[in-house]
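*Asks:* The structure that follows is given in the form of structure tokens.
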Amino acid sequence: MEAVRDRKDTDIPDILQDKDVAKAFYGVVYESVNKRNSDKGVSVKIAIDIDTIIQRNIVVDWHLKTDIQNKMFNEIEDYLADETNLGLSYEEIDLIMEKILNIAKRRYAKWRSMRLPLGKKLSGFLLNKSRGRLCGLA
């Protein structure tokens, strides 16, 4: 009951509990990677690394810019094919990337109008989390 109330999933590794988008990526990655490697830590690392790739490439109106999306696709594909050593087929990689980009478009919608560097806070302003907009001086 507490897990439902607190919206925590006991199957999700602790490191992802406060990383909602990476948690969504983890679900997609684990679905494919679990067939080759059942270590959840591998899927966690991949999800976090993919989240970093996407955040690094987000610019204003990125969801409308195919060149930015293609850059994300290429970086994720290179990462999955070359750095994970899981032997994923390109069909598997394409399926993962398609699902990941759809999640990113929905979850990073608040970043459509602005870009904040990773780990940086916008001092002097409050971010309205429900609408993802800057709402004035803090």
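Just so you know, the sequence shown maps onto residues 449 to 586 in my numbering.
Each residue gets a CB set at the ideal place from its N, CA and C atoms; glycine is no exception.
1. Which residue comes first and which comes last in the alpha helix (DSSP H) that contains Val490?
2. Is it buried or exposed, Val492, if we count other Cβ atoms within 10 angstroms and call 16 or more buried?
3. I need the straight-line Cα distance from Lys483 to Thr514, nearest angstrom please.
4. What do you get for Leu536, buried or exposed, if any count of 16 or more other CB atoms within 10 angstroms of its CB means buried?
5. For Ile460, does the three-state DSSP call read helix, strand or coil?
6. Under the three-state reduction of DSSP, which class applies to Leu549: helix, strand or coil?
7. Where does Val477 land, buried or exposed, given buried means 16+ other C-beta within 10 angstroms?
8. Using the Cα positions of Asn533 and Ile494, report the straight-line distance between them to the nearest angstrom.
9. Quick check: Ile541 and Leu528, are their CB atoms within less than 8 angstroms of each other?
10. Are the Cβ atoms of Asp499 and Phe473 separated by less than 8 angstroms?
*Replies:* In brief:
1. Lys488 to Asn505
2. buried
3. 31 angstroms
4. Buried is the call here.
5. coil
6. helix
7. Buried, because 16 or more other Cβ atoms sit within 10 Å of the Cβ of Val477.
8. 11 angstroms
9. yes
10. yes
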